[in-house]
Amino acid sequence: MDKVRATLDLVFDLATSSTGLTIEDIRISRGVSRSTAERMRDLVDEMFGPLERRRDGKTVRFRLHLPKGLNFVTAPTVAEMSELMSVARAAKAHEPARADRLESLAGKVLVALRPADRRRMEPDIDARLENEVWHHTPHPSAVRHDVLEAIRHAMLTGRAINIICHCPSHGTPTTHKVVPFGLVLGDPAYLVAAAVGESVPYLLHLERIAEVLELDEEGHRPADFDLRSFTERTIGTNTDGSNRASAGSRPDVSAGHTL
0 MDKVRATLDL VFDLATSSTG LTIEDIRISR GVSRSTAERM RDLVDEMFGP LERRRDGKTV
60 RFRLHLPKGL NFVTAPTVAE MSELMSVARA AKAHEPARAD RLESLAGKVL VALRPADRRR
120 MEPDIDARLE NEVWHHTPHP SAVRHDVLEA IRHAMLTGRA INIICHCPSH GTPTTHKVVP
180 FGLVLGDPAY LVAAAVGESV PYLLHLERIA EVLELDEEGH RPADFDLRSF TERTIGTNTD
240 GSNRASAGSR PDVSAGHTL
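The numbering of the sequence shown is numbering that gives the first Met the number 0, which starts it at 0 and goes up by one.
This is the structure in structure tokens:
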């Protein structure tokens, strides 16, 4: 699968590059030998080509013009569109001009899609946007990608999860069986969740989550739960730029009512 993914990534790069890529470009970007880079180019040329060849001094640049019907290779994914639209929403409070530009870009990308593709993607995009908010202008965070994706999948499929957390107030890792209500992204980032069988949500630091296991047990947040309203009530930004958090108290919740 890694080889297939690497080849499809190369198809995307060759199709979106305005100047084309040299074998050296492919070798460096993929971290492979020159002979492997040449084999990857030949595979793309055979499956999706022919590749356009442009002379650049002593080197040759390769570029791919996708045949009609293969534009799906460069079409945005649900995850990519959701990220773009989520960041646009997050920028509204502090950078409205930037937010407008990002929203305009998202709209242009959606309009450029085939109507059937747009109709297929829109429900999934809406579902992801309902499950995630930014509590301030986005900043880098230490949240692991596999943790995020596991939580996202559980929310979209309506499953409860077991999570293992490393909390400074505990000497050993703690385990929580919860229903994920949503993700509050930013720095710090949080998982909003409630213990299975309970309805009062609380916050868990995403950076402290070491492992997520999706359970074969249904777990849906209440139908009237609004993630954005909850975030506005419980998380804010102090005048010095630091974040504060408060949520319903729990016996095992550390200072700030978060884990």
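For each residue, glycine too, the CB sits at the ideal point set by N, CA and C.
Contact between Leu109 and Arg117 is confirmed by a C-beta separation of about 6 Å, below the 8 Å threshold. A straight line joining the alpha-carbon of Phe61 with that of Gly30 spans about 18 Å. Secondary-structure assignment with DSSP links Glu121 through no beta bridge to anything. Counting along the chain, the unbroken beta strand (DSSP E) around Gly181 starts and ends at 173 to 184. Beta-bridge pairing by DSSP links Asn161 to Lys176, Leu212. Distance from the CA of Ala193 to the CA of Val211, rounded to the nearest whole angstrom, comes to 15 Å. For His219, no beta strand (DSSP E) segment is defined, and its DSSP state is neither H nor E.
Look at Thr76 here: in three-state DSSP terms it is coil, with no helix or strand label. Bounds of the alpha helix (DSSP H) holding Val43 are 33 to 47. Annotation: Pro122 to Ser34 spans about 43 Å, alpha carbon to alpha carbon.
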